[in-house]
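Here is the structure we will look at.
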Amino acid sequence: FGVGYDNIDVEYAASKGIAVTNTPNSVLEPTAELCFGLLLAAARNIAFYNSALRSKEKLQWGLYNNLGTSVYGKTLGIFGMGRIGQAVARRALASGMKVIYNNRRPLDASIENEYKAKYVDFESLLRQSDVISINAPATPETFHLFDEKAFSKMRNEALLINVARGSLVDEKALAQALRKGEIAGAGLDVFENEPNISPELFELENVVLTPHAGTKTVESRLEMQHEVVENITGFFEGKQISRVN
1082 FGVGYDNIDV EYAASKGIAV TNTPNSVLEP TAELCFGLLL AAARNIAFYN
1132 SALRSKEKLQ WGLYNNLGTS VYGKTLGIFG MGRIGQAVAR RALASGMKVI
1182 YNNRRPLDAS IENEYKAKYV DFESLLRQSD VISINAPATP ETFHLFDEKA
1232 FSKMRNEALL INVARGSLVD EKALAQALRK GEIAGAGLDV FENEPNISPE
1282 LFELENVVLT PHAGTKTVES RLEMQHEVVE NITGFFEGKQ ISRVN
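First residue of the sequence shown: 1082, per the working numbering; consecutive thereafter.
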């Protein structure tokens, strides 16, 4: 179930004649939904407000207390402009955000025009984005790509959203950057050592956490089941399947 397969030795499976498949269609929209939900929650302090209102400590209701930030007019930098990244871009565009992205290679002009998206190099993505959304797969090249050096190049008011894979982010460096104010906040659905989460992240009020819940919807689970069955029957019937090896 799902789209990622970094925990499977696909080459070894292929050498044994074992087909490895995933369920890319069922994860697309719900993952993009949660990604943008985390973006809004982090920007508008939603989790903090909810927690503070439920606590015994009185939340200050003054005009200038606990201000969040609007996403309208801000720049969203998408790292990994694949299908999920594009679905996030669609939501950002509808919310009045500007979109820049970094990929292994630029997309076709027709796709860029559809999302009014501009390709930039990785360093420019870090420096120009008000929000960075990580939507790329886990590979040796992307391991801890978002590290202390990367966070030092981001804007102090920037947010980091990760719904891809935990290994792309150095969690210790992220916690340090959040504590020092090098970046303003984060929304994380994935972690380096799931289901274990770094205790440092629990101590930070400017982090919104969800338990790898990108596809945790009734509709997505049903569609996943259908995709799995179609892959199994399609394999034995010689039909096209979503094979990754």
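We put the beta carbon where it would ideally sit given N, CA and C, even for glycine.
If you reduce the DSSP assignment to three classes, tell me which class residue i lands in.
{"i": "Lys1199", "result": "strand"}
{"i": "Ala1095", "result": "helix"}
{"i": "Arg1164", "result": "helix"}
{"i": "Lys1179", "result": "strand"}
{"i": "Val1244", "result": "coil"}
{"i": "Arg1324", "result": "strand"}
{"i": "Thr1156", "result": "strand"}
{"i": "Leu1148", "result": "coil"}
{"i": "Ala1267", "result": "strand"}
{"i": "Phe1316", "result": "helix"}
{"i": "Asn1237", "result": "coil"}
{"i": "Ser1107", "result": "helix"}
Taking residue i as the reference, which of the options has the closest Cα?
{"i": "Val1201", "options": "Asp1211, Asn1326, Met1235 and Pro1187", "result": "Pro1187"}
{"i": "Asp1228", "options": "Leu1249, Glu1110, Val1244 and Thr1220", "result": "Leu1249"}
{"i": "His1293", "options": "Ala1124, Thr1150 and Ala1245", "result": "Ala1245"}
{"i": "Phe1160", "options": "Ser1132, Glu1204 and Ala1254", "result": "Glu1204"}
{"i": "Phe1129", "options": "Glu1308, Ser1191, Met1305 and Glu1286", "result": "Glu1286"}
{"i": "Asn1216", "options": "Arg1324, Glu1110, Thr1102 and Val1101", "result": "Glu1110"}
Around the C-beta of residue i, are 16 or more other C-beta atoms found within 10 angstroms, so that it is buried, or is it exposed?
{"i": "Arg1260", "result": "exposed"}
{"i": "Val1299", "result": "exposed"}
{"i": "Gln1167", "result": "buried"}
{"i": "Tyr1196", "result": "buried"}
{"i": "Ser1080", "result": "The requested residue 1080 does not occur in the structure, where the chain is confined to residues 1082 to 1326."}
{"i": "Asn1237", "result": "exposed"}
{"i": "Ile1165", "result": "buried"}
{"i": "Ala1239", "result": "buried"}
{"i": "Ala1258", "result": "buried"}
{"i": "Ala1175", "result": "exposed"}
{"i": "Thr1220", "result": "exposed"}
{"i": "Ile1192", "result": "exposed"}
{"i": "Glu1304", "result": "buried"}
{"i": "Ser1233", "result": "exposed"}
{"i": "Asn1103", "result": "buried"}
Given this structure, state the Cα-to-Cα distance separating residue i from residue j, to the nearest angstrom.
{"i": "Met1086", "j": "Asn1183", "result": "Rather than Met, the amino acid found at residue 1086 in this sequence is Tyr. Tyr1086 and Asn1183: Cα-Cα distance of roughly 22 angstroms."}
{"i": "Ser1409", "j": "Glu1114", "result": "This structure cannot settle anything about residue 1409, because the visible part of the chain is limited to 1082 through 1326."}
{"i": "Thr1314", "j": "Lys1230", "result": "48 angstroms"}
{"i": "Glu1311", "j": "Val1091", "result": "20 angstroms"}
{"i": "Gly1247", "j": "Glu1284", "result": "18 angstroms"}
{"i": "Ala1267", "j": "Arg1172", "result": "18 angstroms"}
{"i": "Leu1144", "j": "Ala1122", "result": "20 angstroms"}
{"i": "Lys1098", "j": "Asn1131", "result": "Note that residue 1098 is Gly in the sequence shown, not Lys. In a straight line, the C-alpha of Gly1098 is about 51 angstroms away from that of Asn1131."}
Could you check how far apart the C-beta atoms of residue i and residue j are, in whole angstroms? I think they sit under 8 angstroms.
{"i": "Thr1296", "j": "Thr1112", "result": "6 angstroms"}
{"i": "Val1289", "j": "Asn1243", "result": "About 11 angstroms; that fails the 8 angstroms criterion."}
{"i": "Val1212", "j": "Gly1154", "result": "Going by Cβ atoms, the distance from Val1212 to Gly1154 rounds to 12 angstroms, so no, they are not a contact pair."}
{"i": "Ala1170", "j": "Gly1149", "result": "Actually they do not touch by this definition, with Cβ atoms about 22 angstroms apart."}
{"i": "Val1152", "j": "Leu1119", "result": "Not confirmed; about 12 angstroms, so no contact."}
{"i": "Ile1181", "j": "Leu1207", "result": "About 11 angstroms separates the two Cβ atoms, so there is no contact after all."}
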